[in-house]
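Residue numbers (my numbering), protein chains in the order written: chain A, 37 to 442; chain B, 37 to 442; chain C, 2 to 143; chain D, 2 to 143. Data first, discussion second: the structure below is written as structure tokens.
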Amino acid sequence: MINAEKLKLQFPIFNQKTPSGLDLTYLDNGATCHKPQSVIDAISDFYSKGYSTVGRASYWPSSETTVAFREVRKLVTEFINAPSEDEVVFNFGTTDGINKIANTFLRPRLSAGDEVITTEMEHHANLLPWQQLCIEKGAKLSILPILDTGDLDYESFETLLNDRVKFVALTAVSNALGVKNDLKRICAIARKKNIPVFIDAAQSVSHDEVDVQDIDCDFLVFSGHKIYGPTGVGVLYAKKKWLDAMMPLSYGGGIVKEVQLQESTFVDGVARHEGGTPNIAGVLGLGAAIRFVQSIGMHEIHSYLMDITDYAKTKLNEMDGIKVLGNPVHQAPTLSFVMDGVHPHDLSTFLNEKGICIRAGHHCAQPLMKKLKVPATTRMSLAIYNTKADIDKLIEVLKETQAFLS
Amino acid sequence: MINAEKLKLQFPIFNQKTPSGLDLTYLDNGATCHKPQSVIDAISDFYSKGYSTVGRASYWPSSETTVAFREVRKLVTEFINAPSEDEVVFNFGTTDGINKIANTFLRPRLSAGDEVITTEMEHHANLLPWQQLCIEKGAKLSILPILDTGDLDYESFETLLNDRVKFVALTAVSNALGVKNDLKRICAIARKKNIPVFIDAAQSVSHDEVDVQDIDCDFLVFSGHKIYGPTGVGVLYAKKKWLDAMMPLSYGGGIVKEVQLQESTFVDGVARHEGGTPNIAGVLGLGAAIRFVQSIGMHEIHSYLMDITDYAKTKLNEMDGIKVLGNPVHQAPTLSFVMDGVHPHDLSTFLNEKGICIRAGHHCAQPLMKKLKVPATTRMSLAIYNTKADIDKLIEVLKETQAFLS
Amino acid sequence: MNDRIKALYRSHILVNAKDESHQGKLENATHVLEAYNPMCGDKYTLYIKLEGDKISKASFEGFGCAISKASTAVLSKQLEGKSLKEMKPLVEMFFELVNEDSDQSPESLTDNEDLLAFAAAREFPERKTCATLSWGELEKLV
Amino acid sequence: MNDRIKALYRSHILVNAKDESHQGKLENATHVLEAYNPMCGDKYTLYIKLEGDKISKASFEGFGCAISKASTAVLSKQLEGKSLKEMKPLVEMFFELVNEDSDQSPESLTDNEDLLAFAAAREFPERKTCATLSWGELEKLV
Ligand SMILES: Cc1ncc(COP(=O)(O)O)c(C=O)c1O
Ligand SMILES: Cc1ncc(COP(=O)(O)O)c(C=O)c1O
């Protein structure tokens with residue numbers, strides 16, 4: 037069983053008061069997570085003790101950096117259970133990964149009249165690239181709707197999946213409602229028609245096991261900063277057949293066999309897709325973050341977070357004038373709610389005044405807000421340093437605010 | 037006058053021996069530079085004391101991060117003398133910036149039969165994106181050749197610049213030969229025909245003043261890691277008229293006015309082009325790096341490096357069996373050379389054995405190597421922590437190696 | 002944020018957000034401004050009726066958070082009886098009031114408590130856009 | 002890298018790189034392999050003449066650094082008199098020899114000093130590709 041208070045000691049941000057002298061109650065982990073000391077140290081040790089570029093130079097410390105970089109690739113490969121290290125590409129984040137797949141994989145494969153399916157609950161990052169590409173190509177963007185519970189309308193999926201569909205993109209977990217999707221189900225249906233499926237795992241990777249072979253997806257991306265790692269680093273998993281068939285995701289140094297002025301040939305494997313100097317410190321920090329997660333155990337993290345999420349949901353539902361949005365079959369540790377008569381932005385400002393970091397807004401999911409008929413929601417999203425005491429504090433301040441504002 | 041030995045104390049990497057117990061003599065600054073303590077601290081302080089996402093949340097520490105992030109934008113704006121902060125976009129590096137401009141700016145503006153000009157001395161990062169786009173579009177890539185000195189053949193430029201030319205891309209400094217280009221001259225000629233000019237400043241930004249208004253370029257990019265800053269962060273300068281006319285460089289969170297399922301509108305200004313969570317720690321680290329450079333003074337840095345580069349060039353030229361490649365009008369602190377009868381890779385291995393980090397290879401400039409008729413060169417590139425003593429050591433070990441190998 | 006302003010924020014902003022005296026459509030308006038914040042969906046329509054060079058009446062419709070609503074209500078009140086020219090320095094003062102980089106104290110800028118309450122936005126950069134939503138639209142006019 | 006291997010590297014690799022005994026084109030080769038490292042431009046053509054199931058002759062042409070040249074020269078020598086089948090364990094051993102993650106000491110793998118010298122590549126991951134350039138091509142054949 038996880039001892040969150042003890043784990044919290046590993047996160048230096050919590051060993052201090054806010055500038056207003058309050059304890060920091062951080063409930064915006066869906067946006068980004070704080071970093072344990074081991075991640076911070078991995079970065080500063082790299083810069084202080086062995087900094088260099090990776091893969092191209094034969095001197096110390098570059099030789100050492102190259103080894104350490106490769107070890108993180110191995111670690112990530114195991115972490116997501118990819119069949120091989122040749123399917124794990126480092127990039128700069130989820131948004132970066134999605135845009136690159138849209139540009140490099142889908143653009144040359146999409147024609148007028150084709151269709152792409154995404155869902156009604158996507159973060160803008162997993163909607164706009166496909167939407168804009170469809171507009172550019174004269175293709176159709178089909179939207180898999182959600183039910184009143186927030187769950188995907190799986191039944192509709194088979195209907196949408198006609199022969200013109202060339203690509204399916206969906207999120208593992210809704211960042212706004214915390215709905216957890218049945219990825220295996222979607223992939224199994226799409227597989228029957230040989231349609232590649234792209235998974236945005238930004239919101240699931242920190243608390244739920246990712247097994248790309250079990251899911252059987254074609255692509256999957258996530259950001260380091262959402263799993264206790266650094267900013268500016270991300271992972272793209274793609275099946276080898278796609279990586280080898282695609283043009284490089286980014287043209288730059290380190291990806292070529294032979295360059296001539298008018299034409300070039302490119303290497304195979306992940307090197308093909310990692311043009312330019314990667315975020316080396318970011319990759320090493322991500323390695324430390326994954327080791328940190330593994331030291332606790334994904335299974336333990338998952339059950340702990342489910343436990344406190346249930347607790348939070350119950351407490352919120354017990355309050356008058358508070359409505360938790362969505363009630364999915366599988367709930368991730370993210371809950372959106374609204375308070376009668378109080379605008380989410382005002383609510384969050386009052387909570388923030390008490391040291392509670394919580395998010396108000398459309399959560400980069402405007403179409404979902406429209407569907408829910410709210411301009412915005414207040415969202416809490418939990419990580420392993422959160423405790424039931426944090427939730428009690430939230431509930432207490434929600435009550436104070438309610439008394440004061442309404 | 038710069039005291040490099042004293043400055044070096046600010047770089048923790050040099051306060052230690054290599055694993056073989058040697059002093060580190062780092063002469064591969066063209067690949068990447070080491071980091072002063074202030075940059076390392078900026079990153080770890082951010083993660084330890086005030087980490088959060090930027091721009092979207094109303095709580096501490098996000099409010100503080102947003103202010104700090106904006107201050108770096110202001111700093112960079114002044115540093116490159118951009119007319120306004122609205123023209124300075126953060127991204128993930130030079131390669132990232134070039135690819136994005138190719139994808140988002142040039143792709144929709146290039147048609148079959150059009151022409152793009154680049155030069156014979158480009159790094160693959162500033163050749164491949166344009167080359168591959170020309171292939172995709174059936175456009176022509178024209179190559180501005182170099183003279184025997186390594187200098188651009190400026191006279192040919194006017195001839196190449198016919199009415200079909202839609203874009204010109206060139207580097208500020210050749211990463212392989214250290215040739216410094218006359219950017220103002222190129223831009224002035226292109227300006228007469230209203231053709232946008234793109235500058236790859238990766239190799240000049242750390243030692244030469246960048247003044248985008250004086251150069252009068254349309255686009256300019258550089259990487260943080262080449263100016264004593266972190267990996268995974270870069271800057272893209274672009275004229276406001278282009279930033280406003282372009283579609284977003286990356287589709288994601290934070291760039292929209294209104295998103296509907298089938299169409300969207302985007303905000304103006306730099307926010308339009310910074311979709312997704314940026315490399316926040318990287319941007320703050322870049323800020324510290326620029327402050328570090330400013331604390332010394334770009335003018336001082338430039339004259340110091342020119343001084344030790346001249347010294348190195350003289351010493352190398354004095355050696356028998358060593359040939360320095362190129363002899364440009366303006367030399368940046370990068371020198372490529374070959375040793376008679378010794379392959380550059382073997383040479384660098386021997387130098388590396390003595391703690392000298394120096395690069396052998398094609399330096400991601402295969403077409404230039406072909407032009408020079410060498411498979412590879414050995415390259416030294418200097419930064420402010422280098423001294424004449426480093427160069428003396430290099431020369432000494434070069435002589436030893438020569439005696440031993442040939 | 003000093004305690005006085007905090008208190009003002011809590012009292013005046015909430016009161017002004019609930020004040021319905023200037024809400025509603027103005028049928029014979031001479032100017033209609035749209036203020037929209039895409040980030041949070043707040044949306045107001047501001048109606049201004051100019052008679053001669055004086056604003057005889059102003060009102061607004063729309064929805065949003067307490068800060069944007071209160072600032073729009075306060076703006077509507079401030080508009081009445083003034084010329085557009087007279088509004089210019091007031092708008093400038095308001096932007097200074099919410100500017101966290103300002104070297105002028107809120108109290109040195111105004112003693113109108115309805116306005117002063119918005120100085121709290123100096124502490125909430127993200128809420129500044131709420132406070133200035135409608136004022137920013139007006140700025141384009143004056 | 003222990004001193005003995007360092008010494009071997011310095012002596013044997015340089016000697017083998019300069020050894021011209023196996024250089025040159027083989028007119029009546031039964032197998033011709035191309036080994037190319039795009040990263041550094043090193044390029045070798047390896048000629049093998051199989052008579053029955055034994056290799057009667059092997060030679061190479063091309064250019065590159067001392068390590069790749071020496072390893073290609075050593076490979077050519079090793080090929081002669083062996084069957085392709087016999088080469089398989091030797092190639093595997095060679096990859097183990099240069100593998101920096103190996104838990105077997107170089108000396109436990111071979112006592113042939115020409116080969117042993119390449120264990121130095123364990124210290125230079127980037128040079129490993131030089132050492133294995135031609136061996137990698139041969140691996141595809143055996
Ligand atoms: C001239 C030039 N352009 C582009 C690049 C690529 O920079 P990065 O690898 O930081 O994207 C480099 C660095 O290797 C360079 O020297
Ligand atoms: C579901 C989802 N997808 C994509 C993203 C974008 O991630 P990033 O900003 O790290 O690129 C986020 C995070 O905001 C998210 O929650």
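Don't be surprised by glycine CBs; every beta carbon is placed ideally from N, CA and C. No experiment lies behind these values; they were computed from the predicted model shown.
Backbone CA spacing between residue 406 of chain A and residue 181 of chain A [nearest angstrom]: Their Cα atoms are separated by approximately 12 angstroms.
By Cβ distance below 8 angstroms, which residues in the same chain neighbour residue 401 of chain A in space, the five residues on each side in sequence not counted? Scanning its chain for C-beta atoms nearer than 8 angstroms, with the 5 sequence neighbours on each side dropped, one finds around residue 401 of chain A the residues 157, 158, 159, 160, 210, 211, 212, in chain order.
Since residue 259 of chain A sits in a beta bridge, which residues does DSSP pair it with? In the DSSP secondary-structure assignment, residue 259 of chain A is bridged to A:270.
For residue 73 of chain B, which three-state DSSP category applies? DSSP, read as helix, strand or coil, puts residue 73 of chain B in helix.
Under 7 angstroms between beta-carbons, which chain A residues line up against residue 128 of chain D? List them in chain order, please. Residues of chain A whose Cβ lies closer than 7 angstroms to the Cβ of residue 128 of chain D are, in chain order, 94.
7 angstroms Cβ cutoff, residue 286 of chain A in contact with chain B: Yes, residue 286 of chain A counts as interfacial toward chain B.
Counting C-beta neighbours from all protein chains within 10 Å, is the total for residue 119 of chain C 16 or more, i.e. buried, or is it exposed? Buried.
Count the other C-beta atoms from every protein chain shown that fall within 10 angstroms of the C-beta of residue 395 of chain A, then say buried if there are 16 or more, exposed otherwise. With 16 or more Cβ atoms within 10 Å of its Cβ, residue 395 of chain A is classed as buried.
For residue 107 of chain A, which residues in chain D fall below 9 angstroms Cβ to Cβ? The contact set of residue 107 of chain A on chain D, defined by CB atoms closer than 9 angstroms, is empty, because the minimum CB distance reaches about 10 angstroms.
Residue 223 of chain A: which of A:203, A:362, A:174 sits nearest, CA to CA? The residue with the shortest Cα to Cα distance from residue 223 of chain A is A:203.
Given that residue 64 of chain D touches chain A, what residues does it touch there, using C-beta distances under 7 angstroms? Result: empty, since nearest Cβ-Cβ is about 16 angstroms, beyond 7 angstroms.
Report whether the distance from the Cβ of residue 335 of chain B to the nearest heavy atom of ligand 1 is below 6 angstroms. Result no, Cβ not under 6 angstroms from ligand 1.
Compare the C-beta of residue 90 of chain D against all C-beta atoms of chain B and say whether one is closer than 7 angstroms. Closer than 7 angstroms: no.
Within the continuous alpha helix (DSSP H) that includes residue 108 of chain C, where are the two ends? Note, residue 108 of chain C: alpha helix (DSSP H), 107-110.
Buried or exposed: residue 200 of chain A, going by 16 or more other Cβ atoms within 10 Å of its Cβ? The residue in question, residue 200 of chain A, is exposed, as its Cβ has fewer than 16 Cβ neighbours within 10 Å.
Which residues in chain D sit within 7 angstroms of residue 385 of chain B, going by Cβ to Cβ distance? Near residue 385 of chain B (Cβ distances below 7 angstroms), the residues of chain D are 125, 128.
Since I believe residue 307 of chain B is in contact with residue 291 of chain B (beta carbons under 8 angstroms), could you give me their beta-carbon distance rounded to a whole number of angstroms? Contact between residue 291 of chain B and residue 307 of chain B holds, since their C-beta atoms are separated by about 6 angstroms, short of 8 angstroms.
Taking Cβ-Cβ distances below 8 angstroms as the criterion, which residues of the region 233-266 of chain B are in contact with chain D? Hits within the stretch: zero.
Say whether the region 344-359 of chain A touches the region 412-420 of chain A, bearing in mind that this needs 3 or more beta-carbon pairs closer than 8 angstroms, one atom from each stretch. Contact check between the region 344-359 of chain A and the region 412-420 of chain A: three or more CB pairs, one atom from each, fall below 8 angstroms, which counts as touching.
Nearest-angstrom beta carbon gap, residue 116 of chain C and residue 98 of chain C [assumed within contact, 8 angstroms]: The beta carbons of residue 98 of chain C and residue 116 of chain C sit about 7 angstroms from each other, so the pair counts as a contact at 8 angstroms.
Using only the heavy atoms of ligand 2, determine whether one of them is closer than 6 angstroms to the beta carbon of residue 281 of chain A. Checking the Cβ of residue 281 of chain A against ligand 2 gives no.
From residue 94 of chain C to residue 16 of chain C, what does the alpha carbon distance come to, in whole angstroms? A straight line joining the alpha-carbon of residue 94 of chain C with that of residue 16 of chain C spans about 22 angstroms.
Interface residues of chain B around residue 54 of chain A at Cβ under 7 angstroms? Within 7 angstroms Cβ-Cβ: 96.
So, for residue 20 of chain D: in the same chain, excluding its five sequence neighbours on each side, which residues have a beta-carbon less than 7 angstroms away from its beta-carbon? Within the same chain, residue 20 of chain D has close Cβ partners 74.
So for residue 209 of chain A, helix, strand or coil by DSSP? Strand, per DSSP.
With 7 angstroms as the threshold, decide whether the Cβ of residue 80 of chain B is near any Cβ in chain F. Annotation note: the requested chain F is absent from the structure, which comprises protein chains A, B, C and D.
Can you list the residues of chain D that residue 292 of chain A reaches, using a CB-CB cut of under 7 angstroms? Chain order gives the chain D residues near residue 292 of chain A as 39, where near means a beta carbon separation below 7 angstroms.
For the alpha helix (DSSP H) that contains residue 381 of chain B, what are its first and last residues? Here the alpha helix (DSSP H) through residue 381 of chain B covers 380-388.
Taking the alpha carbon of residue 219 of chain B as the point to measure from, which residue in B:230, B:205, B:229 has its own alpha carbon closest? The residue among B:230, B:205, B:229 with its C-alpha nearest the C-alpha of residue 219 of chain B is B:205.
Would the beta-carbon of residue 239 of chain B be found less than 6 angstroms away from any heavy atom of ligand 1? Yes, since a heavy atom of ligand 1 falls inside the 6 angstroms radius drawn around the Cβ of residue 239 of chain B.
When we look at the beta-carbon of residue 251 of chain A and count the other beta-carbons within 10 Å, is it buried (16 or more) or exposed? A residue is called buried once 16 or more other Cβ atoms fall within 10 Å of its Cβ, and residue 251 of chain A is buried on that count.
At the 7 angstroms Cβ level, is residue 397 of chain A part of the contact set with chain C, yes or no? Output row for residue 397 of chain A: interface = yes.
Using a C-beta cutoff of 7 angstroms, does residue 412 of chain B count as contacting chain D? With 7 angstroms as the cut-off, residue 412 of chain B counts as an interface residue toward chain D.
Cα separation between residue 336 of chain A and residue 244 of chain A? Inter-residue distance for residue 336 of chain A and residue 244 of chain A is about 10 angstroms (C-alpha atoms, whole angstroms).
Do we get a CB-CB distance below 7 angstroms when we pair residue 50 of chain A with the residues of chain B? Interface annotation, residue 50 of chain A: not in contact with chain B, CB-CB separation never under 7 angstroms.
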